[in-house]
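In our numbering, the protein residues as written are 1 to 234. Beta carbons: idealized from backbone N, C-alpha and C, even for Gly. Step one of this worksheet: look at the structure below.
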């Protein structure tokens, strides 16, 4: 199973930290944040990892190389200019497996990633979104997804005036054919350009998790995950 990590974000909400390092390289609990994600994959025996880099991506490549130190096989696709979450995937299409798990480079969700992959295969869907049951509202992220009775996504909407049931948790699974849902050039957002097409076609399944996720999107959330991962790298 291939894992793909979106690691090209600018990290503007983490300035001034991200003036000199890319967001995935921000130190958390003594090591670059990305190392925690990679170690989680290694513990699950997921060795084939594609990193989609961009801003200051050379620092990521210099630090992790081919992944030997972590027991991984790392490959890279670096954007020349920011192309969005979907655009980064489209640019790397020649390196993608027929089906893969996609992880946001600023999120940490300690679940079994093979569950998302197996849900993709079992449902025949084009994509799977892992969604967190956020009824406790302990993530500080507003709910943005609803599922139907069969567990398929029927709504994805940020800042919805209505109360939705779940929140996207930063882990997805896709078939490589999802590239066909994207414009052939220019920027492309998974959330704005791809999700709506898959939802209308009833091709985006959900996978509910009760494991809360963490992220490094803001300084406040960075402080939370620092505590959570304080001993993880040992």
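Would you give the residue range spanned by the alpha helix (DSSP H) that residue i belongs to?
i: residue 84; result: 84-91
i: residue 187; result: Taken as a continuous stretch (DSSP letters only), residue 187 belongs to no alpha helix (DSSP H), as it is neither H nor E.
i: residue 115; result: 113-123
Please confirm whether residue i and residue j have their CB atoms less than 8 Å apart.
i: residue 170; j: residue 107; result: yes
i: residue 77; j: residue 91; result: yes
i: residue 25; j: residue 187; result: no
i: residue 201; j: residue 128; result: no
i: residue 192; j: residue 181; result: no
i: residue 50; j: residue 4; result: yes
i: residue 1; j: residue 132; result: no
i: residue 153; j: residue 204; result: yes
i: residue 6; j: residue 102; result: yes
i: residue 159; j: residue 142; result: yes
i: residue 53; j: residue 8; result: yes
Would you give the residue range spanned by the beta strand (DSSP E) that residue i belongs to?
i: residue 208; result: 204-209
i: residue 133; result: 127-133
i: residue 177; result: Careful: residue 177 lies outside any beta strand (DSSP E) and carries neither H nor E.
Under a Cβ-count criterion, where at least 16 other Cβ atoms within 10 Å of its own Cβ denotes burial, should residue i be classed as buried or exposed?
i: residue 88; result: buried
i: residue 45; result: exposed
i: residue 233; result: Low per-residue confidence applies at residue 233: pLDDT is 45, beneath 50, and the placement is therefore not dependable enough to give any value.
i: residue 21; result: buried
i: residue 23; result: buried
i: residue 15; result: exposed
i: residue 99; result: buried
i: residue 148; result: exposed
task = Could you say if the segment 93-109 and the segment 138-148 meet the contact criterion of at least three C-beta pairs nearer than 8 Å?
result = no
request  = Take every Cβ of the segment 35-44, pair it with every Cβ of the segment 103-120, and state whether three or more of those distances are shorter than 8 Å.
outcome  = yes
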